[in-house]
């Protein structure tokens, strides 16, 4: 948990940012007595977070995604791109609810071209009565070319409003089935 106890700098691993600025003293004692050190201030160095985004048809409805800006802003270094939903929806539907919107390949290629780390994701829809395996099969039919070396591992988006009447243990089984299918069948 710490190192450098016999040097002028004590390194404490696992200290969290809220502890920054705390002051400490060391007290040592033996048969000859005790001694108290001067006060030392703990400095916690923050680790820079790597930020990313997820995109789907919603962002494309707002306009063309300018991937050069996403990367060039210096804030985003990875992207998850929606590949599928349920067993029959590619990326999503336009706001009219009728017109299919499919920007998956376009978004993947745009992010790759601008050197973002990228991976596909699937929106789970167990509320439609589909199995995890069936949804994973559809996901792989769309995203298999973007799974493997050089890509972020695929992700599953599970949202409460799309769980239907499933209990949490059933949701857990559904998710495990999806993950296992993707793991077993991925290219």
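In our numbering, the protein residues as written are 1 to 187. For each residue, glycine too, the CB sits at the ideal point set by N, CA and C. Computed from a predicted structure; not experimentally measured.
Contacting residues, own chain, Cβ-Cβ under 7 Å from residue i (five flanking each side not counted)
i, result
"residue 91", "56, 57, 82, 101, 102, 103 and 104"
"residue 33", "none"
"residue 87", "130, 134, 135 and 138"
"residue 127", "162, 163 and 164"
"residue 187", "144, 147 and 148"
Which listed residue (the options) has its alpha carbon closest to that of residue i
i, options, result
"residue 79", "153, 4 and 174", "153"
"residue 111", "27, 5, 72 and 161", "72"
"residue 161", "125, 98 and 59", "125"
Other residues of its chain near residue i: CB distance less than 8 Å, five sequence neighbours each side excluded
i, result
"residue 177", "131, 132, 133 and 136"
"residue 52", "76, 77, 78, 79, 80, 116 and 117"
"residue 29", "35"
Beta-carbon spacing of residue i, residue j below 7 Å
i, j, result
"residue 120", "residue 149", "no"
"residue 37", "residue 26", "yes"
"residue 123", "residue 96", "no"
"residue 163", "residue 171", "yes"
"residue 106", "residue 68", "no"
Proximity test, residue i beta-carbon vs the ligand PLP heavy atom, cut-off 6 Å
i, result
"residue 29", "This structure lacks the ligand PLP; in fact it carries no ligand of any kind."
Beta-carbon separation (whole angstroms), residue i vs residue j, contact threshold 8 Å
i, j, result
"residue 39", "residue 23", "5 Å"
"residue 42", "residue 21", "7 Å"
Counted within 10 angstroms of its Cβ, other Cβ atoms place residue i as buried (16 or more) or exposed
i, result
"residue 182", "buried"
Nonlocal neighbours in the same chain, by C-beta distance under 6 Å from residue i, ignoring five residues either side
i, result
"residue 3", "11"
"residue 146", "108 and 120"
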